[in-house]
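There are 2 protein chains.
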Amino acid sequence: MSKKVSMAVIRRLPKYHRYLADLLDKEVYRISSKELSEIIGFTASQIRQDLNNFGGFGQQGYGYNVEELYNELSKILGLDKSYNTIILGAGNLGQALANYSGFRRSGFKVKALFDINPRLVGIKIQDLEVMDVEKMEEFIKKEDITIAVICTPKEKAQESANKLIEYGIKGIWNFAPMDITVPENIKVEEVNLSESLYVLSYMLNDGLM
Amino acid sequence: MSKKVSMAVIRRLPKYHRYLADLLDKEVYRISSKELSEIIGFTASQIRQDLNNFGGFGQQGYGYNVEELYNELSKILGLDKSYNTIILGAGNLGQALANYSGFRRSGFKVKALFDINPRLVGIKIQDLEVMDVEKMEEFIKKEDITIAVICTPKEKAQESANKLIEYGIKGIWNFAPMDITVPENIKVEEVNLSESLYVLSYMLNDGLM
DNA sequence: TAGATTGTTAATCGATTAACAATC
DNA sequence: TAGATTGTTAATCGATTAACAATC
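Residue numbers (UniProt numbering), protein chains in the order written: chain A, 1 to 209; chain B, 1 to 209.
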């Protein structure tokens with residue numbers, strides 16, 4: 001078992017991954033931590049420290065092979081795998097996420113949307129049907145769903161999470177504006193859009209209070 | 001000018017604000033840092049430290065008045081103000097954000113959506129019209145828009161930001177999956193959904209690599 | 001007053017940066 | 001080989017936690 005890597009490091013990994021993808025697009029095949037630091041905005045020292053949590057991917061006197069490092073990061077992030085996913089709550093946000101191309105392009109496969117609203121049940125979002133939540137348990141088990149995206153109102157979020165976990169979900173991407181509580185073997189990533197917007201609001205007012 | 005408050009503290013402020021709102025809903029009017037720590041999951045010490053960056057809102061032997069603290073946090077976050085807002089990019093995500101109720105309920109007023117796609121220009125999202133980007137400059141100036149939400153493809157994000165800033169925008173909420181560069185008087189809050197999802201993916205794979 | 005709990009200082013912990021020997 | 005740049009250890013910086021005097 002790897003020694004615990006801090007969340008601060010983990011949250012930088014997708015950024016490395018993305019900038020390396022950009023470099024590959026530009027046909028840059030070799031980069032030093034110093035060059036990377038200039039485009040990504042972290043210190044060269046931090047970049048080397050971060051990467052060395054997972055292995056020595058560089059070479060003294062040379063730097064890093066962009067493609068190799070990109071592939072290593074893909075593996076570390078689990079992007080070489082595929083995840084069957086459902087979206088709970090087929091309102092505007094749920095529909096938007098179902099259609100989100102950056103999401104579709106990677107290994108996250110949206111298999112269905114679920115809602116309690118009879119007006120939404122049955123409609124198609126691109127090639128996906130919105131199903132009744134009644135059918136969720138069976139669907140999760142049969143289709144081997146591992147990730148659920150919660151796009152319900154906040155009142156339903158915890159209750160939904162409990163059910164999803166009971167049915168076998170392993171990871172939750174929570175867009176409801178409240179923190180959900182889960183057993184420690186279940187992974188949750190919270191995306192709280194209000195909180196994000198409030199931070200922007202703070203910044204706009206900072207200094208002029 | 002207030003002494004610099006760290007980003008770590010600022011990102012916790014919306015959480016205090018939200019939990020205090022919940023307490024008010026439950027008609028709890030008084031709370032100690034210890035009690036708050038139990039529901040919010042930060043240490044009591046951290047809560048007191050955080051709040052004391054902005055003033056001594058508590059009272060020895062008593063704790064904090066929930067309503068007063070809530071109002072103070074609203075002011076600190078700038079939520080007592082109103083912000084005219086536009087959304088650039090009227091695709092699924094732009095439309096979802098335009099409809100997002102948590103967003104509408106607070107002081108952020110979406111005045112219009114803009115797009116280059118002639119198929120989208122002219123359609124109505126609830127009571128809002130999607131306008132041609134050609135009209136954006138005039139609109140921003142006339143309607144006194146201070147916040148722009150970027151929901152364009154990543155290829156257009158930097159170029160869009162540059163224009164928005166030229167036209168007088170002060171804050172950008174960026175949903176395009178790339179980091180935009182802005183002058184230091186302009187505030188940006190990045191929401192990178194792919195990065196968030198990748199962190200969830202990492203957590204699901206951690207330990208089993 | 002006695003008890004409770006703050007505001008704040010001091011101690012600890014963790015994360016970032018600097019430095020440099022190892023080595024390609 | 002000489003130059004470049006890593007991997008890693010040590011130093012610094014900043015954030016969190018603990019402790020406690022002040023005081024309601």
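Cβ coordinates follow ideal geometry from the N, Cα and C atoms, glycine included.
Can you find a CB in chain A that lies within less than 9 Å of the CB of PRO177/B? One-based indexing of the second sequence puts residue 177/B at position 177. By this cut-off, PRO177/B is an interface position.
Cβ-based neighbour list, LEU20/A, same chain, cut-off 7 Å, excluding 5 preceding and 5 following: As a first step, residue 20/A is located in the first sequence; it is residue number 20 there, counting from the start. Same-chain partners within the cutoff: VAL66, LEU69, TYR70, LEU73.
Proximity below 9 Å, CB of ILE140/A to CB of LEU113/A: The residue you call residue 140/A lines up with position 140 of the first sequence. The residue you call residue 113/A lines up with position 113 of the first sequence. Going by C-beta atoms, ILE140/A is not nearer than 9 Å to LEU113/A.
Just how far apart, CA to CA, sit LEU93/A and ARG48/B? Working through the first sequence from its first residue, we reach residue 93/A at position 93. Working through the second sequence from its first residue, we reach residue 48/B at position 48. Note on geometry: alpha-carbon atoms of LEU93/A and ARG48/B lie some 36 Å from one another.
Spatial neighbours of MET1/B in its chain, beta-carbon cut-off 6 Å, leaving aside the 5 residues before and after: The residue given as residue 1/B occupies position 1 in the second sequence. In this predicted model, MET1/B has a pLDDT of only 42, less than 50, meaning its place in the structure is not dependable; the value taken from the coordinates is given anyway. Result list for MET1/B: empty, nothing under 6 Å.
Let me confirm a value: GLU184/A is counted as buried when at least 16 other C-beta atoms fall within 10 Å, else exposed. Which label applies? In the first sequence, residue 184/A corresponds to position 184, counting from 1. Label assigned to GLU184/A: exposed.
What residue ranges within the stretch 12-43 of chain B form continuous alpha helix (DSSP H) runs of no fewer than 4 residues, ordered along the chain? Fully enclosed alpha helix (DSSP H) runs of 4 or longer: 33-40.
Please list the partners that VAL191/A has in chain B, where partner means a Cβ-to-Cβ separation under 8 Å. Within the first sequence, residue 191/A is the residue found at index 191, counting from 1. Within chain B, the residues near VAL191/A are VAL191, LEU193, SER196.
Relative to the alpha-carbon of residue 242/A, which residue among ILE76/A, ASN117/A, LYS81/A has its alpha-carbon at the smallest distance? As displayed, chain A neither begins before 1 nor continues past 209, which places residue 242/A out of reach and without an answer.
Taking 9 Å as the CB-CB limit, is TYR202/B close to chain A? Here residue 202/B refers to the residue found at position 202 when the second sequence is read from its first residue. Yes - at least one Cβ of chain A is within 9 Å of the one on TYR202/B.
LYS156/A - partner residues in DSSP beta bridges: By one-based count along the first sequence, residue 156/A stands at place 156. Its beta-bridge partners do not exist; DSSP assigns none.
Under the three-state DSSP convention, the category GLY58/A falls into: Residue mapping note: residue 58/A aligns to position 58 of the first sequence, counting from 1. Three-state DSSP puts GLY58/A in a strand.
Reduced DSSP category for ASP132/B - H, G, I as helix; E, B as strand; rest coil: As a working note, residue 132/B is residue 132 in the second sequence. Three-state DSSP puts ASP132/B in a strand.
Three or more C-beta pairs below 8 Å linking the stretch 45-59 of chain A and the stretch 98-112 of chain A: no
DSSP bridge partner residues for THR85/A (one or two, in chain order): Along the first sequence, read from residue 1 onward, the residue named residue 85/A stands at position 85. When beta bridges are read from the DSSP output, THR85/A appears opposite VAL110/A, ILE147/A.
Thinking C-alpha only, which one of SER196/A, TYR167/A, MET203/A, THR152/A is nearest ILE180/A? To locate residue 180/A, count along the first sequence from 1; it is residue 180. ILE180/A has its Cα closest to that of THR152/A, out of SER196/A, TYR167/A, MET203/A, THR152/A.
For the beta strand (DSSP E) that contains TYR64/A, what are its first and last residues? For the purposes of this step, residue 64/A is taken as the residue at position 64 of the first sequence. Its beta strand (DSSP E) spans residues 63-65.
Would you mind giving the Cβ-Cβ distance between TYR100/B and LEU193/A, rounded to the nearest angstrom? I have them listed as a contact below 8 Å. Here residue 100/B corresponds to residue number 100 of the second sequence, with the count starting at 1. Here residue 193/A corresponds to residue number 193 of the first sequence, with the count starting at 1. Right, their Cβ atoms sit about 7 Å apart.
Nearest to GLU137/B by alpha carbon, out of LEU164/B, ILE172/B, PHE42/B? Indexing the second sequence from 1 puts residue 137/B at position 137. It is LEU164/B.
Would DSSP call ASN174/A helix, strand or coil? Locating residue 174/A in the first sequence gives position 174, where the first residue counts as 1. If DSSP states are grouped into helix, strand and coil, ASN174/A belongs with the strands.
Local conformation of MET1/A per DSSP, three classes: In the first sequence, counting from the first residue as 1, residue 1/A sits at position 1. Low confidence applies to MET1/A: its pLDDT is 42, below 50, so where it sits in the model is not reliable, and the reading given next is rough at best. In the structure shown, MET1/A sits in coil (DSSP, three-state: anything other than H, G, I, E or B).
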